[in-house]
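Quick notes on the structure that follows.
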Amino acid sequence: MPNPQNQTPMIALRGVTKRFPMTLANDHIDLDIFGSEIHALLGENGAGKSTLMKILFGFYRADAGEIQLNGKSITIRSPRDAHEYRIGMVFQDLNLIPAFSVAENIALFLPDLKAVLKPQEIDERINEVSKQYGLEVNPRALVSQLSIGEQQKVEILKLLLSNARLLILDEPTRVLAPHEVEALFGVLDNLRKDGYAIVLITHKLKEVLECADRITVLRGGRVAGSLLRAEATEEKLVALMFEKELSGLKIAEPKRDEMSTPVLELRGVETYVEGAGMSLKGINLQIRPGEIVGVAGVSGNGQKELCDVVLGMELCVRGEKYLFGKNLTNRPVGAMRKNGVSFIPENPLAMASVPFMTVLENMALTQTWRYARNGGFAMDWGVVKADIQQTAKRLEFPVNFYTIAKSLSGGNLQRMVILREMTHDPRLIVASYLTRGLDVQSALAARQALIQAREGGAGVLLVSEDLEELFTLSDRLLVLYGGRIVGEFKPPETDIYQVGHLMTGSKVEHVANG
Amino acid sequence: MSQTAKTFPRVSLSNPLVNNLIRYLLMILLALLLFGIILLVTGKDPIQSYRDIFSATLGSTYGFSEVLLAMIPMLLTALAVALPARVGLINVGGEGQVYIGAAFATWGALAFQNKPAWILLPLMTLLGMIGGALWAFVPGYLKSIGLVNETIATLLMNSIAPKIVGFLIFGFWHSPMDTVKTDNFVSAARLPTFFDTRVHLGFVFALVLLALFWFIMKYTRWGLEMRAIGGNAQAARRNGIPLKGYLVTVMCIGGAIAGLAGMAQVSGFYGVLLLNFSMGLGFMGFLICWLAGGDPIGIFLMSFVVAVITTGGNLLQLTQGLPYAVINILLALALFVVLASPRFFEGKKA
Chain A
0 MPNPQNQTPM IALRGVTKRF PMTLANDHID LDIFGSEIHA LLGENGAGKS TLMKILFGFY
60 RADAGEIQLN GKSITIRSPR DAHEYRIGMV FQDLNLIPAF SVAENIALFL PDLKAVLKPQ
120 EIDERINEVS KQYGLEVNPR ALVSQLSIGE QQKVEILKLL LSNARLLILD EPTRVLAPHE
180 VEALFGVLDN LRKDGYAIVL ITHKLKEVLE CADRITVLRG GRVAGSLLRA EATEEKLVAL
240 MFEKELSGLK IAEPKRDEMS TPVLELRGVE TYVEGAGMSL KGINLQIRPG EIVGVAGVSG
300 NGQKELCDVV LGMELCVRGE KYLFGKNLTN RPVGAMRKNG VSFIPENPLA MASVPFMTVL
360 ENMALTQTWR YARNGGFAMD WGVVKADIQQ TAKRLEFPVN FYTIAKSLSG GNLQRMVILR
420 EMTHDPRLIV ASYLTRGLDV QSALAARQAL IQAREGGAGV LLVSEDLEEL FTLSDRLLVL
480 YGGRIVGEFK PPETDIYQVG HLMTGSKVEH VANG
Chain B
0 MSQTAKTFPR VSLSNPLVNN LIRYLLMILL ALLLFGIILL VTGKDPIQSY RDIFSATLGS
60 TYGFSEVLLA MIPMLLTALA VALPARVGLI NVGGEGQVYI GAAFATWGAL AFQNKPAWIL
120 LPLMTLLGMI GGALWAFVPG YLKSIGLVNE TIATLLMNSI APKIVGFLIF GFWHSPMDTV
180 KTDNFVSAAR LPTFFDTRVH LGFVFALVLL ALFWFIMKYT RWGLEMRAIG GNAQAARRNG
240 IPLKGYLVTV MCIGGAIAGL AGMAQVSGFY GVLLLNFSMG LGFMGFLICW LAGGDPIGIF
300 LMSFVVAVIT TGGNLLQLTQ GLPYAVINIL LALALFVVLA SPRFFEGKKA
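As they're listed, the protein sequences go chains A and B.
Quick note, the first sequence lines up with residues 0 to 513 if you use numbering that gives the first Met the number 0.
Quick note, the second sequence lines up with residues 0 to 349 if you use numbering that gives the first Met the number 0.
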């Protein structure tokens with residue numbers, strides 16, 4: 000229910016500007032946030048959404064501009080100030096203390112926390128609020144034992160109990176399974192009815208159209224447009240987000256020989272992981288040339304271990320691994336790389352790049368043997384450049400060779416890694432959360448690159464939480480739960496809900512076998 | 000960019016030289032100023048003291064050659080820290096590696112003393128490096144299998160090495176006249192010296208290795224891979240760079256360089272293996288490497304400065320009647336200033 004235009008906004012941003020070295024993150028942004036409204040902040044990576052909200056939450060200070068609360072100008076110097084003004088934020092990576100119980104985590108944020116804690120009282124308050132808004136969690140449960148969806152509920156509860164009236168959610172659906180997303184939107188709907196203001200940072204158009212009342216699109220640090228839901232269509236929003244029109248994915252029907260030697264074959268692979276990881280149990284998997292095998296699952300159910308086993312980072316304690324019929328069980332990563340295995344990890348900064356090296360140096364790291372000259376006493380940087388440029392042209396990714404990797408934004412870093420891993424005609428691509436952190440346009444290019452690789456006869460293992468992506472790209476879809484493969488489908492034979500339920504470990508009546 | 004200051008002490012080689020020079024000069028100046036105050040407090044004349052230090056070191060050819068001589072083990076032990084630091088290993092074990100290297104070289108000198116110099120010296124060099132490498136292999140291997148942190152292992156092994164040398168001297172090698180040292184080496188087992196000074200061939204070894212270190216890090220495949228490991232070990236491993244192999248090899252090469260320092264000391268400087276001859280050379284190298292931020296030119300400059308201070312300090316005892324320990328105060332001040340400097344310079348550049 001849109002507000003009448005004459006109402007004073009709960010929060011109004013006027014001319015907010017924030018400059019970082021090299022970039023203007025926010026350029027004179029005006030934004031009105033009303034009570035009883037879900038306000039979606041839409042934009043591609045680096046459009047300035049998160050920066051803007053972090054200014055509002057006191058994480059950054061604006062270089063210029065003012066923030067008004069109910070018409071009065073205020074200064075927010077720190078998240079503490081933001082609390083005072085009843086502004087709360089849920090970050091992308093949730094900020095709970097795993098070793099604490101739900102109640103303890105929430106108690107830390109209570110504005111009226113007494114010197115002596117009364118757990119009973121806190122539990123009651125939590126239960127009261129959680130029932131009201133459909134956010135049921137057990138206050139005594141340890142956060143480390145909760146799923147990501149439940150943790151998110153706790154984060155929201157934390158804000159509600161600390162009296163926040165404005166809730167900022169930074170890409171809340173990124174980590175959720177489809178039915179969890181629906182539940183979240185239900186919660187947000189209830190909150191809206193009670194007068195809360197909600198800001199939803201996202202780059203998923205569908206969600207925006209599903210739940211937002213007002214949509215503001217940021218592009219390059221400026222407001223590209225602000226629409227009410229009634230006026231908004233998918234095309235309009237896309238046009239606002241990007242200057243040029245997006246072309247869809249071009250998927251040619253792959254020619255595949257079901258009988259040919261599989262690119263990758265895992266036979267009864269098991270791993271043993273100490274500590275927080277998830278061990279794989281009895282994994283049987285075949286990827287044929289020209290086939291994309293999607294792996295669905297809530298993160299932490301063995302995806303990382305599966306990728307690591309294929310790459311050779313993790314040892315198989317049982318079972319065997321074949322690459323084109325060649326037994327490469329427990330061979331080192333270097334050997335797998337030389338045999339044409341490419342790897343795009345979920346966290347490009349920590350797992351794929353060396354922060355203080357230039358992009359060019361990073362590009363050579365997977366293939367140092369290929370670029371070494373004079374027995375290793377020199378590197379042929381010209382050839383590195385030429386190779387990468389060729390791929391860059393194909394994928395239409397911009398590349399600046401002499402930037403320090405650390406200074407790249409998350410999306411650009413991911414693009415750098417994708418570029419590198421797509422060069423040298425990989426025969427097997429292991430891609431984990433390929434499009435995480437990429438804006439719509441780059442995500443499209445990255446997916447197109449996978450499809451090209453498939454057409455070239457490469458096998459692809461695609462791990463993702465984005466079911467839509469898995470359904471569009473995969474030739475075969477596996478569901479991983481608790482370190483086991485619990486379902487195998489051909490995408491046309493199943494639907495998002497069936498897979499979603501398998502992902503979260505709930506029972507489904509029948510499992511279609513592809 | 001403030002990048003350089005943040006990465007300290009792993010300053011990149013592409014760092015503008017001028018920047019570094021200014022930094023080192025300011026550091027030295029500040030340290031000298033603070034030390035001057037201490038001298039004043041103890042009733043000495045700081046100006047005169049500094050004049051004495053200067054004339055005893057840079058003021059004469061002989062003094063200068065003594066400085067170069069003192070630099071030799073410092074350059075080598077600093078390099079023995081700088082190389083492993085590039086793959087993220089902290090080698091505090093230079094001291095122990097110096098001892099073991101010296102012991103191996105001494106064995107060569109004593110066992111083959113009738114061989115000519117052109118056989119004996121290469122043999123001793125090789126033995127010294129093997130000794131240091133073996134001593135470093137233990138912590139390197141333990142680290143690579145994820146068992147023991149290399150900092151702790153190298154540090155603890157430092158107290159074992161001198162005891163082994165003591166055991167060898169007391170038990171087998173001591174000269175008939177003296178129980179705390181071996182017989183003097185035959186002249187074929189002595190590194191040749193330059194002109195009329197005591198500066199020996201070890202100086203050339205050190206300079207060549209330093210240049211090699213710079214070249215390998217900057218231009219070669221192995222340098223690239225080592226920097227990748229040092230920059231992000233996990234990513235390097237996922238990119239197919241053999242992590243364990245590098246950890247062990249680099250640690251061993253670091254040890255070998257420290258072992259060479261030990262060999263150079265017994266063969267070039269003393270001409271005899273003395274009990275407790277090193278007196279903290281390995282630690283001095285560690286200090287210098289950190290002062291220099293692991294940068295080869297920085298290592299050369301810092302070694303020079305520290306050599307001036309220690310050589311001049313010897314004289315200060317005579318002319319000013321100061322205990323030698325006071326020189327350690329000056330060195331400590333230098334370290335203190337350097338540790339504070341990144342912040343300082345970061346603020347200026349930002």
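By construction, the Cβ of each residue, glycine as well, lies at the ideal position given by its N, Cα and C atoms.
Since this is a predicted model, take the numbers as computed values, not measurements.
Looking at the DSSP output, B/Lys180 sits in a beta bridge with B/Leu273. Straight-line spacing of the CA atoms in B/Phe202 and B/Leu290 works out to 21 Å. Rounded to whole angstroms, the Cβ separation of A/Leu165 and A/Val207 is 18 Å, and the two are not in contact under 8 Å. In this structure A/Leu501 touches A/Tyr480 by the C-beta definition: roughly 6 Å separates them, less than 8 Å. C-alpha of A/His82 to C-alpha of A/Leu107: approximately 13 Å in a straight line.
Non-local C-beta neighbours of B/Gly95 in its own chain, meaning closer than 6 Å and more than five positions away in sequence, comprise Trp134, Met156, Asn157, Ala160, ordered along the chain. Neighbourhood of B/Arg236 in chain A, by CB distance below 8 Å: Met312, Val332, in chain order. In this structure, the CA atom of B/Thr248 is about 24 Å from the CA atom of A/Leu310.
Contact between the region 85-93 of chain B and the region 107-115 of chain B is not established, with fewer than three Cβ pairs separated by less than 8 Å. Counting only runs of 4+ residues, the alpha helix (DSSP H) found wholly inside the region 73-126 of chain B occupies 93-110, in chain order.
Among the CB atoms of chain A, one or more fall inside 7 Å of the CB of B/Thr219.
Checking the DSSP bridge columns, you'll see A/Asp31 partnered with A/Ala11.
A/Leu187 and A/Gln131 have their C-alpha atoms some 12 Å from each other.
Between A/Ile10 and A/Ile28, the C-beta gap is not smaller than 7 Å, which leaves the two residues out of contact.
DSSP places B/Met301 within a helical segment (H, G or I) once states are collapsed to three.
Looking from the CA of A/Arg76, the closest CA among A/Met356, A/Val136, A/Tyr59 belongs to A/Tyr59. Around the Cβ of A/Glu120, a 10 Å sphere holds fewer than 16 other Cβ atoms; the residue is exposed.
Three or more beta-carbon pairs separated by less than 8 Å link the region 376-393 of chain A to the region 412-432 of chain A, which places the two stretches in contact. Look at B/Ala260 here: in three-state DSSP terms it is helix.
Residues of the region 349-373 of chain A that bring their beta carbon within less than 7 Å of a beta carbon in chain B comprise Ala349, Met350, Ala351, Ser352, Val353, Pro354, Phe355, Met356, Glu360, Ala363, Leu364, Thr365, Thr367, Ala371, in sequence order. Secondary structure at A/Ala61: coil, using DSSP grouped into helix, strand and coil. Only those residues of the region 236-254 of chain B whose C-beta falls short of 8 Å from the nearest C-beta of chain A are listed: Arg236, Arg237, Asn238, Gly239, Ile240, Pro241. Checking the DSSP bridge columns, you'll see A/His38 partnered with A/Val198, A/Arg213. Boundaries of the alpha helix (DSSP H) harbouring B/Asn157: 149-167, taken from the DSSP string.
Straight-line spacing of the CA atoms in A/Arg330 and A/Phe355 works out to 29 Å. Only those residues of the region 374-398 of chain A whose C-beta falls short of 7 Å from the nearest C-beta of chain B are listed: Gly375, Phe376, Ala377, Met378. The count of Cβ pairs closer than 8 Å, one atom from the region 98-112 of chain B and one from the region 164-182 of chain B, reaches three, so the stretches are in contact. Taking one beta carbon from each stretch, the region 210-217 of chain B and the region 294-306 of chain A have fewer than 3 pairs nearer than 8 Å; the two do not touch. Around A/Ala46, the same chain offers Leu217, Arg218 as residues with beta carbons nearer than 6 Å, after the five sequence neighbours per side are excluded. The beta carbons of B/Gly270 and B/Phe184 sit about 5 Å from each other, so the pair counts as a contact at 8 Å. Among the residues facing chain B, A/Arg60 is not included, as its CB has no counterpart in that chain under 7 Å away. Nearest to A/Met362 by alpha-carbon distance, out of A/Val383, A/Gly375, A/Pro344, A/Ser259, is A/Val383. Per the coordinates, the alpha-carbon of A/His38 lies some 5 Å from the alpha-carbon of A/Arg213. A/Val89 sits away from A/Pro138, with the two beta carbons spaced by 7 Å or more.
At least 7 Å separates the beta-carbon of A/Gly289 from that of A/Asn25. Exclusion of the five residues before and after B/Arg236 leaves Leu242 as the residues of its chain whose Cβ lies within less than 7 Å of its Cβ.
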